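Enquirer:
Residue numbers (the UniProt record's numbering): 1 to 198.
1. Quick one: using the 10 Å Cβ neighbour count with 16 as the cut-off for buried, is residue 83 buried or exposed?
2. Can you give me the start and stop residues for the alpha helix (DSSP H) that residue 110 sits inside?
3. Smallest Cα separation from residue 63: which of 134, 173, 190?
4. Could you tell me the boundaries of the alpha helix (DSSP H) in which residue 180 lies?
5. To the nearest angstrom, how far is the alpha carbon of residue 110 from that of residue 137?
6. What first and last residue would you give for the alpha helix (DSSP H) that runs through residue 84?
7. Determine, using beta carbons only, whether residue 126 and residue 67 come nearer to each other than 8 angstroms.
8. Output the distance between the C-alpha atoms of residue 129 and residue 143, rounded to the nearest integer angstrom.
9. Taking the straight line between their C-alpha atoms, what separation do you get for residue 183 and residue 123?
10. Going by the CB atoms, is the gap between residue 115 and residue 77 shorter than 8 angstroms?
11. Quick check on the burial criterion: 16 or more other C-beta atoms within 10 angstroms. Buried or exposed for residue 112?
12. Leaving aside the five residues before and after residue 106 along the sequence, list all residues of the same chain whose C-beta is less than 8 angstroms from its C-beta, in chain order.
13. Whole angstroms are fine: how far does the CA of residue 81 sit from the CA of residue 180?
14. How about residue 119 and residue 192: do their beta carbons lie closer than 8 angstroms?
15. Can you tell me whether residue 70 is buried or exposed? The criterion is at least 16 other CB atoms within 10 Å of its CB, across all chains shown.
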């Protein structure tokens, strides 16, 4: 009949309606294929790069990791120093009876020796930093019964821990208490001195 509309096939549980047919002389629009599983997921390369960057940041702030990295570099520098030293001895032996001299081996030896000493200094500083961090942690665990939060992320903050502001307040209270005890001891000593004089 003229007044009746064709039933919607999609509403009856059938196959969804297809795209409207293009008019003659017009290009057919390309069919868009939905991409599933691509949104919200990072490629493996980005995940590996993010993990490597996080590991580098952790190593930059970890004294023990710095010590391990410096020891590896120190071994390589020592190996290079011994190699250049052997070359310098061999070169010196060949020019003992001649007037020809060369400063190239000496310059390489000085450079490798300077690099070795520089790595030794870095290793010493890293060990001192690790010792100071360990001492500070032990003192904090001894004098602060509640642990201090080292993370700045609120979602990683434990419930039974001190924030940095609370830690500063605790330290100020401890300093004030020590000052009060010191003042009380001084007053007691002064009173004892006056009583002994009278």
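In this text, a Cβ means the ideal position worked out from N, Cα and C, and glycines have one as well. Here the structure is a predicted model, which means the values were calculated and not measured.
Expert: Taking the definition as stated:
1. exposed
2. 104-143
3. 134
4. 164-197
5. 40 angstroms
6. 63-94
7. yes
8. 21 angstroms
9. 44 angstroms
10. yes
11. buried
12. 88
13. 59 angstroms
14. no
15. buried
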